[in-house]
Amino acid sequence: MNEIIAGSAGLTIIYLVCSAIYNLFFHPLASQPGPILCRISGIPSFYYACRGDRHIWTWRQFQIYGDKFRAAPDLLLYRTPEAYNSIFATNANVKRSGFYEVWRRHARDVNTLGVTDPAIHAQRRKALGLAFTDQSMKATIPFMAKHVDRWTELLPGQKVDEKGWSEAQDISKWTEYLMIDLFGDVCFGRRNDTKEPGENPLKQIPQNIAKYLRVYNPLAKSPMRGVLLWLKPRGLDSLMYQVMPKAIREYYKFTDDLARSRITTERGLEAGKSSIERQDMFHFMCTARDPDTGEFALSTDDLIADAHMLIVAGSHTTSAAVTGLFFYIVRYPRVYNKLVKEVREQFASAEEIGTSPDFMAKCEYLRAVIQEAMRTSPPGPSEAERTVLKGGAMIAGEHLAEGITVGVPKWSLAMSEDLFGDATTFRPERWIPSDHADTFNSQEDVNRLKRMYHPFSKGPGACIGQKLAMMQMCIIVGRLLWRYDLKNAEGQHVGEGHPNLGWGRSNRMQYQFKDAYIGLHEGPMVQLRQRTM
């Protein structure tokens, strides 16, 4: 027995040594810069994914190695617009990596975001696109406005001080409640009421989603990812479901129940067995038909998988951007005053924000503030991995072999001083052309920034709901600021950087978050006061 153990240990050591030698000297990425441990192992990437600091870790490596570095034996990361545009070009010879396959519960749990086959992804995206037409988005506005108005009514709470200011309120928590309620209604016709006072088990859903992200993101970044993907259809999926935290199982049940209930209603409507019709997003998804076959474009399994994706990608990403926006505007008085002035001068009432035909056109500075918030607090701070297909690919002027995985971490790109100059400063004016001496910004300057940074991605993988997300954020922020004055809660520093947090997290004026594929936030803590008319 001892001989078997010794022999196995010896073979393992030989394998690891040979693997390290190959990765250092003979691998197609052998000449690429990066920490030596990253060049022989994916352990550092996995370690920082477990900590939730991977976006900070990649930023630090770019500070050391320049605009590209080898983050794992098969993973090359870039920090340039040229690389980003190469990877996400429509004709790029790449596909989604195995990262996305790890997130699947089982073989049938394939949402549109996680489809790795480019042809199948194009079909699914086309079908899902029927839920994001101008018609369907306009149909969501009444639902959206109802929830935002109720949210702004509840947010200040019941207690105010002698100057009319509310108690400190956690914007992250309240925004997560709003988005769960809003998406439950807009997508599924379901009242969740998490923002309402009182006990409600659904108030745990945002925490359950965060738990899900914190568990699966490190697994998807694991150096054992290949082994996990091989084992998943061979019993690992069932085992993982049995041992996964209760919070994640509850989240799965929540999304499954939402989707199945609505599918039953919609398909019953098609068959003449139901008289209830809501033209919301899930209605359009359920009734979408393939123009060639006339059959439903999305199966029941497809709809359930995409329901799961919509709740995570829709609610949590919008929440991340909105909380980041509020963190910065209460710390930048100039930005806050300019934004409030625009909102209150352009609209005679809060109700006009979202309902007037040209309301988005009236919100130039608000749109710029949202763009800047999505740069400084990106909902997806790490890279969207792509794997090079047969024949290789040209990425930023260099040929990469088949099987190499590439990416551009959005946080690192957004914090590049070479690209943005004052990258850590919250300055929405960078997104608006201006001929004023103090804020001069040519149209070409703005166009250059927009070509460099894509918060909703680009190409075949661009966010299909980006117009809806922008509309949501304009309504949420606009209606709140029309009705209330805001300030940072006195003595509260939740979400701020601090020198004790280390390199990359020391700036008190920079919003801090955890990287779990989607950014996870706390705070800011704000106080509100009814505006004086």
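Numbering (our numbering), first residue to last: 2 to 534. From the three backbone atoms N, C-alpha and C, an ideal C-beta is built for every residue, glycine too.
Can you tell me which of the three DSSP states residue i falls into?
i, result
"Phe-26", "helix"
"Tyr-485", "strand"
"Glu-399", "strand"
"Thr-117", "coil"
"Ser-42", "coil"
"Gly-408", "strand"
"Gln-280", "coil"
"His-317", "helix"
"Lys-391", "coil"
"Gln-528", "strand"
"Asp-171", "strand"
"Arg-545", "Because residue 545 is not part of the residues shown, which for the chain are 2 to 534, the question remains open."
"Tyr-79", "strand"
"Ala-248", "helix"
"Asn-193", "coil"
"Asn-112", "coil"
"Phe-327", "helix"
"Asn-442", "strand"
"Leu-521", "strand"
"Arg-506", "coil"
"Phe-184", "helix"
Is the CB-CB distance between residue i and residue j below 8 angstroms?
i, j, result
"Asn-508", "Gly-524", "no"
"Tyr-366", "Glu-343", "yes"
"Trp-152", "Lys-196", "yes"
"Pro-29", "Ala-402", "yes"
"Arg-55", "Ser-42", "no"
"Ser-320", "Met-180", "yes"
"Glu-296", "His-284", "no"
"Val-103", "Tyr-217", "yes"
"Arg-106", "Asp-281", "no"
"Lys-459", "Phe-89", "yes"
"Tyr-518", "Gly-381", "yes"
"Val-495", "Met-526", "yes"
For the beta strand (DSSP E) holding residue i, just list the boundary residues, first then last.
i, result
"Glu-373", "Looking at the DSSP string, Glu-373 is not in any beta strand (DSSP E); the run it does join, the alpha helix (DSSP H), is 365–377."
"Arg-96", "In the sequence on display, residue 96 carries Lys and not Arg. Where Lys-96 is concerned, the enclosing beta strand (DSSP E) stretches over 95–97."
"Phe-514", "514–517"
"Arg-71", "69–73"
Taking the alpha-carbon of residue i as reference, which of the options has the nearest alpha-carbon?
i, options, result
"Ile-312", "Phe-100, Asn-209, Met-138 and Ser-167", "Asn-209"
"Arg-428", "Arg-268, Asp-302 and Ile-371", "Ile-371"
"Val-478", "Thr-388, Cys-364, Gln-444 and Ser-300", "Cys-364"
"Ala-146", "Glu-386, Ala-248 and Phe-184", "Phe-184"
"Met-453", "Cys-287, Leu-469, Thr-426 and Met-416", "Met-416"
"Lys-451", "Pro-82, Arg-290, Tyr-48 and Leu-77", "Pro-82"
"Lys-212", "Met-534, Gln-531, Lys-515 and Gln-528", "Lys-515"
"Leu-229", "Tyr-101, Ala-72 and Ile-396", "Tyr-101"
"Leu-326", "Met-510, Asp-293 and Asp-303", "Met-510"
"Thr-388", "Phe-26, Glu-4, Ile-44 and Ala-93", "Ala-93"
"Ser-357", "Ile-142, Arg-125 and Arg-109", "Ile-142"
"Leu-129", "Arg-250, Glu-386, Asp-303 and Lys-69", "Asp-303"
"Ile-330", "Pro-224, Ala-260 and Ala-490", "Ala-490"
"Ala-289", "Met-361, Arg-126 and Glu-352", "Arg-126"
Could you check whether the Cβ of residue i sits closer than 7 angstroms to any heavy atom belonging to the ligand SAM?
i, result
"Pro-379", "Ligands in the displayed structure: none, and consequently the ligand SAM is not present."
Taking the alpha helix (DSSP H) that residue i belongs to, which residues open and close that run?
i, result
"Gln-62", "55–66"
"Met-145", "135–155"
"Arg-335", "334–347"
"Ala-221", "206–221"
"Arg-106", "Here Arg-106 belongs to no alpha helix (DSSP H), and DSSP marks it neither H nor E."
"Trp-231", "226–232"
"Ala-308", "301–310"
Enumerate, from N- to C-terminal direction, the unbroken beta strand (DSSP E) stretches of 3 or more residues contained entirely within the region 453–500.
485–489
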